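There are 4 protein chains.
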Amino acid sequence: MKILTILGSSRDNGNSEYLVNQALEGIEHTQLRLSEYKINPITDMRHTEEGFSPVDDDYESVLTDFLAHDLIIFVTPIYWFGMTSHMKLFFDRWSQYMRDDRFDFKMQVHGKKAYVVTTGGSNPYVTGLPLIQQFGHIFDFVGMSFEDYVIGNAVKPGEIKEDLLALDKMKAWNHTFKK
Amino acid sequence: MKILTILGSSRDNGNSEYLVNQALEGIEHTQLRLSEYKINPITDMRHTEEGFSPVDDDYESVLTDFLAHDLIIFVTPIYWFGMTSHMKLFFDRWSQYMRDDRFDFKMQVHGKKAYVVTTGGSNPYVTGLPLIQQFGHIFDFVGMSFEDYVIGNAVKPGEIKEDLLALDKMKAWNHTFKK
Amino acid sequence: MKILTILGSSRDNGNSEYLVNQALEGIEHTQLRLSEYKINPITDMRHTEEGFSPVDDDYESVLTDFLAHDLIIFVTPIYWFGMTSHMKLFFDRWSQYMRDDRFDFKMQVHGKKAYVVTTGGSNPYVTGLPLIQQFGHIFDFVGMSFEDYVIGNAVKPGEIKEDLLALDKMKAWNHTFKK
Amino acid sequence: MKILTILGSSRDNGNSEYLVNQALEGIEHTQLRLSEYKINPITDMRHTEEGFSPVDDDYESVLTDFLAHDLIIFVTPIYWFGMTSHMKLFFDRWSQYMRDDRFDFKMQVHGKKAYVVTTGGSNPYVTGLPLIQQFGHIFDFVGMSFEDYVIGNAVKPGEIKEDLLALDKMKAWNHTFKK
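Have a look at this one:
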């Protein structure tokens, strides 16, 4: 079970990142920090004759990493009641690579295990639910298995350390991942 | 009542754009096509001593246009069960400019009227609901008034012309805007 | 295509009922007004040795009607951001009759077409969305096809007549049903 | 802080009840098992001249208990992706008693703390979210404070004992309630 975390925050050492690090203590995994890569917005060429054209950015490297792992933890603070732009940029380009014969996208994505780690303020246990539902629809659509998620209540740096229930959940995940 | 459409699609003349054009037939308005502007992802500096630093892109021009209008129509196809990256990039940077003394963001945003036009496939009347809820939370948070939305059922170019109910709604909006 | 409306309101001639009547003008159909039947809450006996026991109420007659039709229109005002108790009582007892050999519940429900007509106040286009999502989950679970829904904005008697878009939708449904 | 649990299950000693009992271990509280009371569906008389008329059932006793407590834990299994009929019957009648001068409903409800305990199968962490959103809307509407909720993954009797995270949360609540 090869584990990958995809970090969508624009800030290092944020609250979401803190959470996932607890879950992965002592566990081998790869980390992808999206803010370190140049990922352009998709240009929708699905319905043109020529199809998608190559994009001069870092996306294929990111995608290759994603496809090579079995268990993916999507880590994003809640920005404006949704995932960050960094992470949305990652998903939007799927539409291009689902149609790129060099990648066997659909087959490889199918069956991967998905986890979501997210944190936010403004009553995140309720206002964060549309985001969880969006992830649910995404995973359903491509056949990934939505294993679990955590919504942490934290805005300022370090605040997540007071969300004991979120931390408990990370311990439980750690236990599961160790098996 | 100064009207602005903010187009989040990566494709010109898409289905969402077709819809909003019906609603605005014969009505003076400004159009902002986000894909024509360079908008960088936010870097969250809320919690640093130095705060946000200037970003070398087109965002301030886009934001100035946004703030100068009273009725905003957000137009986005559904990409991966959410708004497009282009549009999410627009919202994420709000966090920066809410804290920029050169803009009176909070006061100016408060009370604006908001409409949402979105189109998609995969049973969009149900799977598009988390997106509508996200918009609802955003507008609540900043005190914009969520007037109405339309979810069109269309994926391929031109397909929206068969969604007669969505077109009816655009006619009704047109009627309202004319008053 | 045998059409059935299931009315969940506790009030005759309410706004939801007005809407569905527009959709069914000139169309043969059966009407089930739940408030005219005695339907007891379910007592969950799924996990007992003896299983469910017969209930002395009108449910089997209601269920038989439901199973005998192909296209079902669920009509309910929004009470406390959900369907009415009358309608929830109808669904809850499904759990009993899915397990009753006298009814071939699963086979017969599968493939039925479902429509939802609902009306409410308090910004129903947004606050009514959890109810639509609930219906979506119900129909998915039993394999009914969720064809369309309408959310009308109306509280006081007759108010629905001003919701021109909802009325337009009913006309469109009428057109579809006539085919 | 007077604590009340309102049990909406139709079964004694169910999974939701098990959870809440963990949260309340050693803590003084009152328990209301709705299935022990006769509660009729509401008949909507809001818009009639005569208004609501008295109902011959146990509702006023239930409501009086509810109003007399400060912290309310709503406990319901997920039936058909929503709260049970028993619990929906409880809420629907609020519409009557908000308008009954013998009760100062609005003032007394305002500010109460609300918790929700729910359990279900069929991927409840995602399919249970519309129910949580519905509770969120209800509490917002009457000014109750939505403190926290737990969704347990359990269908068969006793299954909840394997949902260690839900149990952890109950321990944390217990700790909070003890203060």
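Residue numbers (our numbering), protein chains in the order written: chain A, 1 to 179; chain B, 1001 to 1179; chain C, 2001 to 2179; chain D, 3001 to 3179. Every residue, glycine too, gets a C-beta built ideally from N, C-alpha and C. Everything numeric in this text was worked out from a predicted model, so none of it was measured.
With distances taken from CA atoms, which of the options is nearest residue i?
| i | options | result |
| --- | --- | --- |
| B/P1157 | B/I1003, B/R1011, B/V1150 | B/R1011 |
| B/D1070 | B/H1029, B/Q1133, B/M1045, B/N1153 | B/H1029 |
| D/P3130 | D/I3039, D/Y3149, D/T3043 | D/Y3149 |
| C/Q2031 | C/R2046, C/E2050, C/F2066 | C/F2066 |
| C/I2039 | C/A2166, C/D2140, C/Y2059 | C/Y2059 |
| D/I3073 | D/R3102, D/M3001, D/D3057, D/M3045 | D/M3001 |
| C/R2102 | C/F2139, C/M2045, C/W2080, C/T2064 | C/T2064 |
| D/A3114 | D/D3140, D/G3121, D/D3168, D/G3026 | D/D3140 |
| C/H2047 | D/D3056, D/A3154, D/M3087, D/V3075 | D/A3154 |
| A/Y97 | A/V62, A/E159, A/S85, A/Q133 | A/V62 |
| A/S95 | A/H86, A/S85, A/K106 | A/K106 |
| C/F2052 | C/M2083, C/M2087, C/D2100, C/L2089 | C/D2100 |
| C/H2086 | C/G2121, C/S2035, C/Q2133 | C/S2035 |
| C/D2044 | D/E3162, D/E3049, D/S3122, D/Y3079 | D/Y3079 |
| D/F3091 | D/I3138, D/K3112, D/K3178 | D/I3138 |
| C/L2122 | C/M2144, C/I2151, C/F2177 | Before going on, a small fix: residue 2122 of chain C reads as Ser here, not Leu. Here the closest residue by C-alpha is C/I2151. |
| A/D57 | A/Y37, A/E49, A/E50 | A/Y37 |
| A/M83 | A/S145, A/M144, A/K179, A/I132 | A/I132 |
| A/D163 | D/A3172, D/E3162, D/F3146 | D/A3172 |
Leaving out five residues before and five after residue i in sequence, what residues of the same chain have Cβ atoms less than 6 Å from its Cβ?
| i | result |
| --- | --- |
| B/F1135 | V1116 |
| B/M1170 | L1019, Q1022, A1023 |
| C/T2142 | The amino acid at residue 2142 of chain C is misidentified as Thr; the sequence shows Val. Contacts found: V2109. |
| A/F81 | T127 |
| C/R2093 | I2042, Y2059 |
| C/L2004 | T2030, H2069, I2072 |
Note down, in chain order, every chain C residue with its Cβ under 8 Å from the Cβ of residue i.
| i | result |
| --- | --- |
| B/Q1133 | V2126, L2129 |
| D/H3110 | Simply none; closest approach about 16 Å. |
| B/L1165 | D2168, K2169, A2172 |
At 9 Å on the CB atoms, spell out the chain D contacts of residue i, in chain order.
| i | result |
| --- | --- |
| C/K2038 | Residues of chain D passing the Cβ test: none, with the nearest at roughly 10 Å. |
| A/Y181 | Because chain A in this structure spans residues 1 to 179, residue 181 of chain A falls outside the shown range and cannot be described. |
| C/S2122 | H3137, F3141 |
Spatial neighbours of residue i within its chain, please: CB distance less than 8 Å, with the 5 preceding and 5 following residues excluded, ordered by chain position.
| i | result |
| --- | --- |
| C/G2014 | P2077, T2119, P2157 |
| D/N3174 | Q3022, A3023, L3024, E3025, G3026, I3027 |
So residue i contacts chain D; which residues on that side make the cut at Cβ distance below 7 Å?
| i | result |
| --- | --- |
| C/R2011 | D3044 |
| C/K2156 | H3047 |
Strictly below 8 Å CB to CB, what residues from chain D border residue i?
| i | result |
| --- | --- |
| C/P2041 | S3010, S3035, T3084, S3085, H3086, L3089 |
Show which residues of chain A have a CB atom less than 7 Å away from the CB atom of residue i.
| i | result |
| --- | --- |
| D/L3071 | The premise fails here: D/L3071 is roughly 17 Å from chain A at the closest Cβ pair, so nothing lies under 7 Å. |
| D/G3152 | Going along chain A, no residue has its Cβ under 7 Å from D/G3152, so there is no contact; the nearest lies around 13 Å. |
| B/P1054 | In chain order: nothing, as chain A lies at least about 16 Å away. |
Give me the chain B residues within the contact set of residue i, using Cβ-Cβ distance strictly less than 7 Å, ordered along the chain.
| i | result |
| --- | --- |
| C/F2146 | V1126 |
| A/K106 | Those do not exist, as A/K106 stays about 15 Å from chain B at its closest Cβ, beyond 7 Å. |
Cβ closer than 9 Å: which chain B residues qualify as neighbours of residue i?
| i | result |
| --- | --- |
| A/W173 | Ordered by position in chain B, no residue passes the 9 Å Cβ test against A/W173, which lies about 24 Å from the chain. |
| C/K2161 | The contacting residues do not exist; C/K2161 stays about 15 Å from chain B at best. |
| C/L2024 | Going along chain B, no residue has its Cβ under 9 Å from C/L2024, so there is no contact; the nearest lies around 17 Å. |
Answer with buried or exposed for residue i, where buried requires no fewer than 16 other C-beta atoms within 10 angstroms of its C-beta.
| i | result |
| --- | --- |
| B/P1124 | buried |
| A/S9 | buried |
| B/K1112 | buried |
| A/L165 | buried |
| B/D1104 | exposed |
| A/T176 | exposed |
Considering only residues of the same chain and omitting the five flanking positions on each side of residue i, which have a CB-CB separation below 7 Å?
| i | result |
| --- | --- |
| C/R2033 | L2007 |
| D/L3089 | I3039, P3041 |
| B/E1017 | L1007, S1009, V1075 |
| D/E3050 | none |
| B/F1167 | Note that residue 1167 of chain B is Leu in the sequence shown here, rather than Phe. Hits under 7 Å: Q1022. |
| B/E1147 | K1113, A1114, Y1115 |
So which residues of chain A does residue i contact, with C-beta pairs closer than 8 Å?
| i | result |
| --- | --- |
| B/S1095 | Y79, W80 |
List, in chain order, every chain A residue whose beta-carbon is nearer than 9 Å to that of residue i.
| i | result |
| --- | --- |
| B/K1179 | By Cβ distance, chain A contributes nothing, its closest Cβ being about 31 Å from B/K1179, past 9 Å. |
| D/Y3149 | Y125, V126 |
What does residue i reach in chain C if we use C-beta pairs closer than 9 Å?
| i | result |
| --- | --- |
| D/S3016 | Going along chain C, no residue has its Cβ under 9 Å from D/S3016, so there is no contact; the nearest lies around 11 Å. |
Residue i versus chain C: which residues are under 7 Å apart at the beta carbon?
| i | result |
| --- | --- |
| D/D3092 | Y2079, W2080, T2084, S2085 |
Output the residue ranges of the beta strand (DSSP E) runs that lie fully inside the segment 2076-2125 of chain C and measure 3 residues or longer, sorted by chain position. 2113-2120
Identify every run of the alpha helix (DSSP H) within the segment 117-168 of chain A, keeping only runs that are complete inside it and at least 4 residues long; order them along the chain. 124-127, 129-142
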